[in-house]
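Start counting the sequence shown at 1; every next residue gets the next number (the numbering used here). Note that the Cβ used here is the ideal one computed from N, Cα and C, for glycine as well. Quantities reported herein were computed from a predicted structural model and do not represent experimental measurements. Report on one structure; see the data block that follows.
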Amino acid sequence: MTVSDLNLKYLQAYPEHLQNQVRKLITEQRIDAYLEQRYGQRHDIQSDKALYRYVTELKQKNLRNTPQIDKVLFDNRLDLTHRALGLHTAVSRVQGGKLKAKKEIRVASLFKAAPPEFLEMIVVHELAHLKEHDHNKAFYKLCEYMLPHYHQLEFDLRIYLTAREL
1 MTVSDLNLKY LQAYPEHLQN QVRKLITEQR IDAYLEQRYG QRHDIQSDKA
51 LYRYVTELKQ KNLRNTPQID KVLFDNRLDL THRALGLHTA VSRVQGGKLK
101 AKKEIRVASL FKAAPPEFLE MIVVHELAHL KEHDHNKAFY KLCEYMLPHY
151 HQLEFDLRIY LTAREL
């Protein structure tokens with residue numbers, strides 16, 4: 001198998017020269033060392049309660065004027081087959097004669113074992129959806145505001161996901 005034969009489904013939107021660099025890391029069996037060097041730690045957020053505190057602290061720091069988040073949890077059903085690592089929802093319920101929307105953020109359970117930088121990137125992504133619903137320029141600008149190296153982390157997260165599949 002040559003370097004160019006490796007299919008990198010998480011990196012398909014990136015330029016060919018970046019994909020080739022990742023393919024080289026894979027064929028030289030250095031992808032784990034690359035990730036370990038850059039992201040060697042694990043976080044200690046293992047419960048839904050701790051995740052809720054973490055998310056609300058990030059929200060308070062960056063997005064004070066957005067609606068309160070009612071529920072935050074790690075979700076075992078979110079995974080790569082559904083192409084969702086995080087999810088933000090507004091669940092509408094009738095209370096009395098009014099319709100109330102409860103804001104929820106769900107994070108894929110695989111992030112319990114991920115480096116803290118990747119958990120932060122996913123949380124920032126979902127928080128940004130509180131203000132910007134679409135993945136447009138304003139959305140990514142907000143992500144960069146909350147997390148200055150957002151795009152690098154997103155790229156490295158895709159490398160991490162690729163390494164997990166190998």
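Burial state of residue i, where buried means 16 or more other Cβ atoms lie within 10 Å
i, result
"T81", "Note that T81 has pLDDT 49, beneath the 50 cutoff, so the model's placement of it is unreliable and the number below is only indicative. Per the 10 Å Cβ criterion, exposed."
"K59", "buried"
"R77", "exposed"
"R64", "exposed"
"L99", "exposed"
"P15", "exposed"
"Y150", "buried"
"L157", "buried"
"R94", "At residue 94 the sequence reads Val, which differs from the Arg that was named. By the 10 Å Cβ count, V94 comes out exposed."
"A128", "buried"
"H17", "exposed"
Residue i - partner residues in DSSP beta bridges
i, result
"K24", "Paired residues: none, contrary to the question."
"A108", "D75"
"R93", "K100"
"L87", "R106"
Of the residues the options, the one placed nearest residue i, counting alpha carbons only
i, options, result
"P116", "T66, E154, V22", "E154"
"D44", "I105, L87, L119", "L119"
"L130", "K49, Y52, K103", "K103"
"E57", "Q152, M146, L166, E165", "M146"
7 angstroms Cβ cutoff, residue i in contact with chain B
i, result
"A101", "Looking at the structure shown, chain B is missing, and only one protein chain is on hand."
Could you tell me whether the segment 31-43 touches the segment 68-79, where touching means 3 or more Cβ pairs closer than 8 angstroms?
No, the segment 31-43 is not in contact with the segment 68-79.
Is there contact here, the segment 9-29 with the segment 155-163, by at least three beta-carbon pairs under 8 angstroms?
Taking 8 angstroms as the limit for Cβ pairs, the verdict is that the segment 155-163 does touch the segment 9-29.
Whether or not the segment 139-150 and the segment 106-114 are in contact is what I'm after, with contact meaning three or more pairs of Cβ atoms, one per stretch, closer than 8 angstroms; do they touch?
No contact exists between the segment 106-114 and the segment 139-150.
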